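The structure appears right after this line, and notes come after that.
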Amino acid sequence: MAIPFPFSAIVGQDEMKLAILIAAVDPSVGGVLVLGDRGTGKSTAVRALAALLPPMRAVAECRYGCDPAAPPGACEDCAALRAARRPRVREVPVPVVDLPLGATEDRVVGALDLEKALSQGVKAFEPGLLARAHRGFLYVDEVNLLEDHLVDLLIDVAASGENLVEREGLSVRHPARFVLVGSGNPEEGELRPQLLDRFGLSVEVSTPTELPQRVEVVKRRDAFERDPAGFTERWRKEDERLRRRIVRARQRLAEVETPDAVLEQAARLCLALGTDGLRGELTLMRAARALAALEGRKLVTDAELRQVAPPALRHRLRRNPLDDTGSGARVARAVVEILGA
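Under the working numbering, read the sequence shown as residues 1334 to 1674, first letter to last.
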């Protein structure tokens, strides 16, 4: 298995790294969309996340890696195991699953296990990528180029948290709760609005323009490619420190309070920007709360709102023909007007 580039060694791209950490602390934020130039570390950051996350407890014999503390009726595998005996529990890495552009629907949702059907004459379900991503991250590179039928499928599963497969005489329902992470280059095609709305946070990355930063990126990448194990070891302490920070943030997340005054500010921001529905406020609240937990605070303030407003709202704005400024600039302007400079 290839060694991923250490998360802590990624140069710059602070908004992208923060959005990924927020999603790692609170998956209910709703996923991360990373848009920008090619070669700016989008896929590197997502794959580095796999090595950064602390392991999770899972039911050992369950094909979907369910949480032992989950309700027994949520998964057919776990229900059958609990009926027979007490299931064994083990620690497993948090899955970070790639969904390639050319993937067939069978590979994504799962299908009939042909080997068992031919050799044993029984109908058995072979789980797909959605099953493997349960309780983890599903990463789609070039998400704006994904085929429409797969987009519709992802929207349904992301909304319900379940994958229903009915084909070849099979009828299987299994849990599929994952954080959707997508990346792409806007110049190569726009994202469908229905899928765009499913991402909690949207960040923009660009090629570094400062000379020292570009040199540092090249130096670190070259050092990693020459000696992946040695380079990873040099950054191990930083990644360990970040891992402990994520664990502590998850533990204190339930204790973080969001005052009504902060919720009112979030609502004012969304009203001023004309966002549709209430998903903007919900994402703002959850992202600000996760950020406060990451920073070791137990109270959400305007400072957290100010920091998470651009990634939480920039992709929810309607196009204004009378205002040709970018969505990020419009959010920044509204933040100054509502929350102050």
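All C-beta atoms in this analysis are idealised placements derived from N, C-alpha and C, irrespective of residue type, glycine included.
Bear in mind that the values here come from a model prediction, so they are computed numbers and not experimental data.
Delimiting residues of the beta strand (DSSP E) encompassing residue i
{"i": "residue 1382", "result": "No beta strand (DSSP E) contains residue 1382, which is instead part of the alpha helix (DSSP H) from 1375 to 1385."}
{"i": "residue 1391", "result": "1389 to 1392"}
{"i": "residue 1361", "result": "Premise fails: residue 1361 is in no beta strand (DSSP E) and is neither H nor E."}
{"i": "residue 1431", "result": "1429 to 1431"}
{"i": "residue 1424", "result": "1422 to 1425"}
Limits of the unbroken alpha helix (DSSP H) element including residue i
{"i": "residue 1613", "result": "1612 to 1627"}
{"i": "residue 1572", "result": "1569 to 1585"}
{"i": "residue 1557", "result": "1544 to 1559"}
{"i": "residue 1533", "result": "Premise fails: residue 1533 is in no alpha helix (DSSP H) and is neither H nor E."}
{"i": "residue 1668", "result": "1660 to 1672"}
{"i": "residue 1609", "result": "First-last for residue 1609: undefined, no H or E at that position."}
{"i": "residue 1646", "result": "1635 to 1646"}
{"i": "residue 1474", "result": "Where residue 1474 is concerned, there is no enclosing alpha helix (DSSP H), although the beta strand (DSSP E) it sits in stretches over 1470 to 1474."}
{"i": "residue 1410", "result": "1409 to 1417"}
Sheet register partners of residue i (DSSP bridge)
{"i": "residue 1599", "result": "None, per the DSSP bridge assignment."}
{"i": "residue 1496", "result": "1507"}
{"i": "residue 1366", "result": "1515, 1535"}
{"i": "residue 1444", "result": "1459"}
{"i": "residue 1566", "result": "The partner list for residue 1566 (beta bridge, DSSP) is empty, contrary to what the question assumes."}
{"i": "residue 1632", "result": "1590"}
Selected residue, minimal CA-CA separation from residue i, among the options
{"i": "residue 1441", "options": "1424, 1464, 1624, 1427", "result": "1464"}
{"i": "residue 1664", "options": "1606, 1556, 1356", "result": "1606"}
{"i": "residue 1580", "options": "1374, 1435, 1389", "result": "1389"}
{"i": "residue 1613", "options": "1498, 1594, 1638, 1627", "result": "1638"}
{"i": "residue 1506", "options": "1617, 1520, 1467, 1479", "result": "1467"}
{"i": "residue 1651", "options": "1412, 1575, 1583, 1526", "result": "1526"}
{"i": "residue 1511", "options": "1361, 1342, 1338, 1348", "result": "1361"}
{"i": "residue 1623", "options": "1648, 1661, 1590", "result": "1590"}
{"i": "residue 1644", "options": "1630, 1634, 1621", "result": "1621"}
{"i": "residue 1587", "options": "1617, 1633, 1473, 1438", "result": "1633"}
{"i": "residue 1502", "options": "1344, 1547, 1630, 1444", "result": "1444"}
{"i": "residue 1381", "options": "1417, 1521, 1481, 1335", "result": "1335"}
{"i": "residue 1342", "options": "1400, 1438, 1553", "result": "1553"}
{"i": "residue 1398", "options": "1421, 1584, 1631, 1344", "result": "1421"}
{"i": "residue 1364", "options": "1417, 1524, 1515, 1521", "result": "1515"}
{"i": "residue 1504", "options": "1460, 1386, 1350, 1573", "result": "1460"}
{"i": "residue 1355", "options": "1402, 1578, 1673", "result": "1578"}
{"i": "residue 1524", "options": "1558, 1485, 1543", "result": "1485"}
{"i": "residue 1433", "options": "1393, 1560, 1672, 1480", "result": "1480"}
{"i": "residue 1351", "options": "1628, 1558, 1667", "result": "1628"}
{"i": "residue 1427", "options": "1556, 1593, 1469", "result": "1469"}
{"i": "residue 1373", "options": "1667, 1393, 1349, 1353", "result": "1349"}
{"i": "residue 1418", "options": "1615, 1631, 1393", "result": "1393"}
Beta-carbon proximity check, residue i vs residue j, cutoff 8 Å
{"i": "residue 1391", "j": "residue 1429", "result": "no"}
{"i": "residue 1471", "j": "residue 1513", "result": "yes"}
{"i": "residue 1476", "j": "residue 1517", "result": "yes"}
{"i": "residue 1562", "j": "residue 1626", "result": "no"}
{"i": "residue 1528", "j": "residue 1497", "result": "no"}
{"i": "residue 1370", "j": "residue 1539", "result": "yes"}
{"i": "residue 1575", "j": "residue 1338", "result": "no"}
{"i": "residue 1550", "j": "residue 1541", "result": "yes"}
{"i": "residue 1410", "j": "residue 1396", "result": "yes"}
{"i": "residue 1604", "j": "residue 1641", "result": "no"}
{"i": "residue 1344", "j": "residue 1546", "result": "yes"}
{"i": "residue 1520", "j": "residue 1478", "result": "no"}
{"i": "residue 1483", "j": "residue 1537", "result": "no"}
{"i": "residue 1386", "j": "residue 1357", "result": "yes"}
{"i": "residue 1585", "j": "residue 1359", "result": "no"}
{"i": "residue 1635", "j": "residue 1595", "result": "yes"}
{"i": "residue 1495", "j": "residue 1508", "result": "yes"}
{"i": "residue 1647", "j": "residue 1609", "result": "no"}
Proximity test, Cβ basis, 8 Å: residue i and chain D
{"i": "residue 1372", "result": "This model lacks chain D altogether, as it is built from one protein chain only."}
The ligand ZN heavy atom lying under 7 Å from the CB of residue i
{"i": "residue 1515", "result": "This structure does not include the ligand ZN; it has no bound ligands of any sort."}
- Stretch pair the segment 1486 to 1503 + the segment 1533 to 1542: three plus CB contacts closer than 8 Å: Contact between the segment 1486 to 1503 and the segment 1533 to 1542 is absent: fewer than 3 CB-CB pairs across the two stretches fall below 8 Å.
- Task: Count the C-beta pairs between the segment 1559 to 1574 and the segment 1401 to 1412 that are closer than 8 Å, then say yes if the count reaches three, no if not.
- Result: Segments in contact, no.
- Does the segment 1372 to 1379 touch the segment 1584 to 1603, meaning 3 or more C-beta pairs lie closer than 8 Å? Here the segment 1584 to 1603 does not lie against the segment 1372 to 1379, with fewer than 3 beta-carbon pairs under 8 Å apart.
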